[in-house]
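Undergrad: One line per chain: the protein sequences are V and B, in this order.
With the first letter of the first sequence counted as 1, position 34 gets the number 34 in my numbering; the numbers rise by one all the way through.
Quick note: to get my numbering, add 102 to the position in the second sequence (first position is 1).
Ideal Cβ positions, reconstructed from N, Cα and C, are used throughout, including at glycine.
None of the values given here were measured: they were computed from a predicted structure.
Questions regarding the structure given below will be posed in turn.
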Amino acid sequence: MIRVVLPTHLRRLAQVGGEVQLEVQGQATQQSVLDALEESYPMLRGTIRDQVSHQRRAFIRFFACEQDVSLEPPDQPLPDAVASGAEPLLVIGAMAGGMMGS
Amino acid sequence: MSGVRVLVGTKKGAFVLTSDGKRQGWEVDGPHFGGWEMYHIKGSPADPNRLYASQSTGWFGQLIQRSNDGGKTWEPVGNKFVYEGEPGTHKYYDGTSRPFEFKRVWHLEPSLTDPDTVYAGVEDAAIFRSTDGGSSWHELPGLRQHQTAPDWAPGAGGMCLHTIIQDPKNPRRLFAAISAAGAFRSDDAGETWQPINRGLHSQGIPDPDAPVGHCVHRIALHPSRPNVLFMQKHWDVMRTDDAGGSWREISGNLPTDFGFPIDVHAHEPETIYVVPIKSDSEHYPPDGKLRVYRSRSGGDEWEPLTKGLPQRDVYLNVLRDAMSVDSLDPCGIYFGTSGGQVYASADAGDSWTPIVRDLPAVLSVEVQTLP
């Protein structure tokens, strides 16, 4: 069981309260976790990564075990603690509060 | 009793404002999608309870929301916007060529006849259509693949396709406008397009009379006369009487002919409204006065409408999609500001009252007249 913590806006969009728990087939990687997440919550397609290229959106970050793993290859295994469910994978909206006149 | 529903898109959510036919007391519902930029919300003319909304942020990209109950509840639908074939290139601000890249949906235009059909105008400029209630989107690529597209360049707000108009008398005719490429018309239901910019004159481009390159801000028509179009260009208010074959300037005695929205009275095809803005570098009304200008002669002669609008210390803007008219009698006019006010007139502009004063910056205003 993989645990994923979504940012507030995406929790509301997916209509989930706290963490999301996912069954991931095979090795736990960014790609396999996001595949499972989007399979369970199709409304999240396009909000974390591009729907065609699967490229991570510019202002999304992935944190795991107090490390920023955003720039790791999508098929690289996530830390064992995430794969075992001991630690969650955090999906973060980057701090960019001043962008676009917000 | 008839009523109205005003759909307001803001930089931080959507609001639904409702009133009866008197349009004096209002209920305010929202924010829906708090914190998200709501570029546009519009209802289906064929089913007023079917609404479509464009929801986006820089973080999470584009979503499309659909309501089947007049905005009480919403569901996310399809948000996959992929250009057909090779994206091609357009000019960037610095004159270099860049590939077309989808950024967001600026405008949603539901079909006049089918609640499940809706058009989307997007940045980088292209037009998409859904025929399944927004679940899937397919580009009408003839516009983006027009031979002039490699020369299109963005306006200050991005290279957006912001206006889509269906000809109510000819279902195969569509109009679209792009900042800063100009106006286009299709006579074959969106398959092919031609620029309709003859008569436009823009000093900000190398050839002021070029076939494309004009920063058209908004186009409007009256359904009874779809060959007559009114345009607010970056500078200049324009009119065509032959569906874009040629345009002539009708700025007349306006204090400034820069602005964004333009709209037409529901029952008087020669009565039009604009909100003059001081200049392209000073996006607020001249003299600190919020004035809507009305022409009852199809342009050239304009009168300021000020009753109920603040006439000092006003330094806000009214964006291109932020004005709308209802079809009650007398005709109601609505507009929203970058300061978060939504003003309504229940007497065709003679007098105004704010429905709300302190919303986030308003991006769009659409009104539905309800049976």
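Find the residues of chain B that neighbour Met43 of chain V, judging by a C-beta separation of less than 7 Å, and give them in chain order.
TA: Residue 43 of chain V sits at position 43 when you count from the first residue of the first sequence. Within 7 Å Cβ-Cβ: Pro178.
Undergrad: Considering only the alpha carbon of each residue, which of B:Val110, B:Ser121 and B:Asp149 lies closest to Phe135 of chain B?
TA: Within the second sequence, residue 135 of chain B is the residue found at index 33, counting from 1. Among B:Val110, B:Ser121 and B:Asp149, the Cα nearest to that of Phe135 of chain B belongs to B:Val110.
Undergrad: Going along the chain, which residues of the stretch 55–83 of chain V sit with their C-beta nearer than 9 Å to a C-beta in chain B?
TA: For the stretch 55–83 of chain V, the set of residues with a beta-carbon nearer than 9 Å to any beta-carbon of chain B comprises Arg57, Ala58, Phe59 and Ile60, in chain order.
Undergrad: Among B:Ala278, B:Gly451, B:Asp431 and B:Leu461, which residue has its Cα nearest to the Cα of His369 of chain B?
TA: Counting from one through the second sequence, the residue named residue 369 of chain B turns up at place 267. The shortest Cα separation from His369 of chain B among B:Ala278, B:Gly451, B:Asp431 and B:Leu461 belongs to B:Asp431.
Undergrad: Less than 8 Å between the beta carbons of Leu465 of chain B and Met261 of chain B, yes or no?
TA: Counted from its first residue, the second sequence places residue 465 of chain B at position 363. Counted from its first residue, the second sequence places residue 261 of chain B at position 159. The answer is no: Cβ separation not under 8 Å.
Undergrad: In terms of alpha-carbon separation, which member of B:Phe230, B:Gly190, B:Gly180 and B:Pro133 lies closest to Asp253 of chain B?
TA: Reading the second sequence from its first residue, position 151 is the one you call residue 253 of chain B. The shortest Cα separation from Asp253 of chain B among B:Phe230, B:Gly190, B:Gly180 and B:Pro133 belongs to B:Gly190.
Undergrad: Going along chain V, which residues have a C-beta under 8 Å from Val416 of chain B?
TA: Counted from its first residue, the second sequence places residue 416 of chain B at position 314. The contacting residues do not exist; Val416 of chain B stays about 19 Å from chain V at best.
Undergrad: Please name the residue or residues paired with Arg231 of chain B in a DSSP beta bridge.
TA: In the second sequence, counting from the first residue as 1, residue 231 of chain B sits at position 129. For Arg231 of chain B, which the question treats as bridged, DSSP gives the partners B:Tyr221 and B:His240.
Undergrad: By DSSP, does Leu302 of chain B sit in helix, in strand, or in coil?
TA: Here residue 302 of chain B corresponds to residue number 200 of the second sequence, with the count starting at 1. In this structure, Leu302 of chain B counts as coil in the three-state DSSP scheme.
Undergrad: Roughly how many whole angstroms lie between the Cα atoms of Ser102 of chain V and Asp344 of chain B?
TA: Mapped onto the first sequence, residue 102 of chain V falls at position 102. Mapped onto the second sequence, residue 344 of chain B falls at position 242. Since pLDDT at Ser102 of chain V reaches only 45, below the 50 mark, its modelled position is unreliable, and no value is offered.
Undergrad: Who are the neighbours of Gln164 of chain B on chain V, taking C-beta pairs under 8 Å?
TA: Mapped onto the second sequence, residue 164 of chain B falls at position 62. Going along chain V in sequence order, the residues near Gln164 of chain B (Cβ under 8 Å) are Gly46.
Undergrad: Helix, strand or coil, according to DSSP, for Asp309 of chain B in the structure here?
TA: Residue numbering aside, residue 309 of chain B sits at position 207 when the second sequence is read from its first letter. Here Asp309 of chain B sits in coil by DSSP.
Undergrad: Answer yes or no: do Val130 of chain B and Val458 of chain B have a C-beta to C-beta separation smaller than 8 Å?
TA: In the second sequence, the residue the question calls residue 130 of chain B occupies position 28. In the second sequence, the residue the question calls residue 458 of chain B occupies position 356. In this structure, Val458 of chain B lies closer than 8 Å to Val130 of chain B by Cβ.
Undergrad: Please classify Phe286 of chain B as buried or exposed, where buried requires at least 16 other C-beta atoms within 10 Å of its C-beta.
TA: Taking the second sequence and counting its residues from 1, the one referred to as residue 286 of chain B is at position 184. Phe286 of chain B should be labelled buried.
Undergrad: Check whether the stretch 269–277 of chain B touches the stretch 299–315 of chain B, counting contact only when three or more Cβ pairs, one atom from each stretch, lie closer than 8 Å.
TA: No, they do not touch.
Undergrad: Find the residues of chain B that neighbour Val5 of chain V, judging by a C-beta separation of less than 9 Å, and give them in chain order.
TA: Residue numbering aside, residue 5 of chain V sits at position 5 when the first sequence is read from its first letter. Taking the beta carbon of Val5 of chain V as reference, no residue of chain B falls within 9 Å; the closest one sits roughly 15 Å away.
Undergrad: Give the secondary structure of Glu39 of chain V by DSSP, where H, G and I count as helix, E and B as strand, and everything else as coil.
TA: Here the question's residue 39 of chain V lines up with position 39 in the first sequence. Note: Glu39 of chain V maps to helix in three-state DSSP.
Undergrad: Could you work out which residues of chain D lie near Asn181 of chain B, taking near to mean beta carbons separated by less than 9 Å?
TA: Of the protein chains in this structure, namely V and B, none is chain D.
Undergrad: Compute the beta-carbon to beta-carbon distance between Ile229 of chain B and Ile267 of chain B, rounded to the nearest angstrom, for a pair I have assumed lies under 8 Å.
TA: Residue mapping note: residue 229 of chain B aligns to position 127 of the second sequence, counting from 1. Residue mapping note: residue 267 of chain B aligns to position 165 of the second sequence, counting from 1. Under the criterion of beta carbons closer than 8 Å, Ile229 of chain B and Ile267 of chain B do not qualify as touching, at roughly 12 Å.
Undergrad: Look at Val366 of chain B and His324 of chain B and say whether their C-beta atoms are less than 8 Å apart.
TA: Walking along the second sequence from the start, residue 366 of chain B turns up at place 264. Walking along the second sequence from the start, residue 324 of chain B turns up at place 222. Yes, these two residues count as a Cβ contact at 8 Å.
Undergrad: For His9 of chain V, report the span of its alpha helix (DSSP H) as first-last.
TA: Counting from one through the first sequence, the residue named residue 9 of chain V turns up at place 9. Residues Thr8 to Ala14.
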